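In the numbering used here, the protein residues as written are 1438 to 1779.
Structure below.
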């Protein structure tokens, strides 16, 4: 026979904070898998979903539509005329980027929003503790002081305080309401403060003095954290700038160096070699393949840099890798859009 929950358990359940991390992560993974399947289909040439279309125009008027034109495309049948806007490998990488964005984007931004909300709660917590301490000095119990202080306005912290006050009014002990608040927020700072308050309340000491002490300590910790964040923001800016420099370097190589490499390596005039005339460059036979491989290597390196640099930026920001998913998402979009123009 199923256990019937008590009235207090029902009251506590009503004020539990919902966590949508698994749901959002599941949606992101599902969308990412769809893009991954599309990427594989493009790689195996079962579909052609090129981002660049063929216009079949000989823009440099050399009689051949090739890599010297605006969009050389991909010659799948080897007849010298492009049949697809992009090679299967490039199409695979394009949709692989979309899959990675789907994997890291939703969960990254959701986690970042949760962290910002928690930081906003922590920032107003010292003010709330100070007000509770002031109420306690007028002879109120901890429970009454929390209920009275819940009438104030503390930004993002206000809904959490109102939940605590409602739980107390429904009969939940003040220390238990504080513990449930800790479970909803789940940060070391809140856990440490609530643990001190609960132990002081259980010991029967002067809770008002303890609240004033932890309020002052929390404020000092926040000032230290702000100083660290300002210092780390410089390093995060350096990461973004270095990534942009890397992308611009790749872009310059793609639009200037590789086309010149194509032009000069097809036939190199080496003068008269034993009366034979022209000399065929060893690179000329495979130059198209070589250039495609170089561009693919550039594209893959940009993906790796975007993900890696983003995770590093997240660690420098607040010490959590999950916060770097947002930076990786932004860098990946910047890199993809820039290299899409090549």
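Where is the CB? At the ideal position from N, CA and C, for every residue including glycine.
Nothing here was measured: the structure is a model prediction, and the numbers come from that model.
Straight across, the Cα-Cα distance linking residue 1742 with residue 1766 is about 12 Å.
In this structure, the beta-carbon distance from residue 1684 to residue 1772 falls below 8 Å. In the structure shown, the three-state DSSP call for residue 1485 is coil. Residue environment for residue 1614: buried (at least 16 other C-beta atoms within 10 angstroms of its C-beta). Annotation: the continuous alpha helix (DSSP H) that includes residue 1770 extends over 1761–1777. Nearest Cα to residue 1770 within the set 1455, 1736, 1753, 1756: 1736. Of the residues assessed, residue 1579 falls on the buried side of the cut-off, its CB having 16 or more other CB atoms within 10 angstroms. Taking 8 Å as the upper bound for CB-CB distance, residue 1570 and residue 1652 are in contact here, some 7 Å apart. Contact between the region 1546–1560 and the region 1471–1483 is absent, with fewer than three C-beta pairs closer than 8 Å. Going by DSSP, residue 1577 is part of no alpha helix (DSSP H) at all; its letter is neither H nor E.
Residue range 1644–1689 is occupied by the alpha helix (DSSP H) that includes residue 1679. Here DSSP, grouped into helix, strand and coil, assigns residue 1757 to coil. Straight across, the Cα-Cα distance linking residue 1746 with residue 1577 is about 52 Å.
Residue 1637: member of the alpha helix (DSSP H) spanning 1625–1640, first to last residue.
In the same chain as residue 1565, and ignoring 5 residues on each side of it, the C-beta atoms closer than 7 Å to its own belong to 1586, 1591, 1594, 1598, in chain order. Residue nearest to residue 1650 within the set 1631, 1667, 1664 is 1631 (criterion: CA-CA distance). In summary, residue 1456 is exposed, with fewer than 16 beta-carbon neighbours lying within 10 Å of its beta-carbon over all protein chains present. Put simply, the backbone Cα of residue 1489 is about 51 Å away from that of residue 1659. Spatial neighbours of residue 1480 in its own chain (CB-CB distance under 6 Å, excluding positions within 5 residues in sequence) are listed in chain order as 1525, 1529. Contact between residue 1555 and residue 1624 holds: CB atoms are separated by about 6 Å, below the 8 Å threshold. A Cβ-Cβ distance of about 16 Å is found for the pair residue 1559 and residue 1601, leaving them out of contact under the 8 Å criterion.
Nearest to residue 1669 by C-alpha distance, out of 1596, 1486, 1532, 1750, is 1750. Within the same chain, 1580, 1583, 1584, 1611, 1614 come within 8 Å of residue 1605 by CB-CB distance, once the 5 residues on both sides are set aside.
Per the coordinates, the alpha-carbon of residue 1748 lies some 42 Å from the alpha-carbon of residue 1646.
Per DSSP, residue 1456 lies in no alpha helix (DSSP H) and is assigned neither H nor E. Using a 10 angstroms sphere on the CB of residue 1540, the tally of other CB atoms reaches 16 or more, which defines it as buried.
Taking the CA atoms as reference points, residue 1733 sits about 28 Å from residue 1758.
Between residue 1727 and the set 1553, 1640, 1698, 1536, the nearest pair of CA atoms involves 1698. 8 Å or more divides the Cβ of residue 1562 from the Cβ of residue 1687.
Shortest Cα-Cα distance from residue 1739 to any of 1463, 1533, 1482 involves 1533. Counted as a single uninterrupted DSSP element, the stretch harbouring residue 1609 is not any alpha helix (DSSP H), since DSSP gives it neither H nor E.
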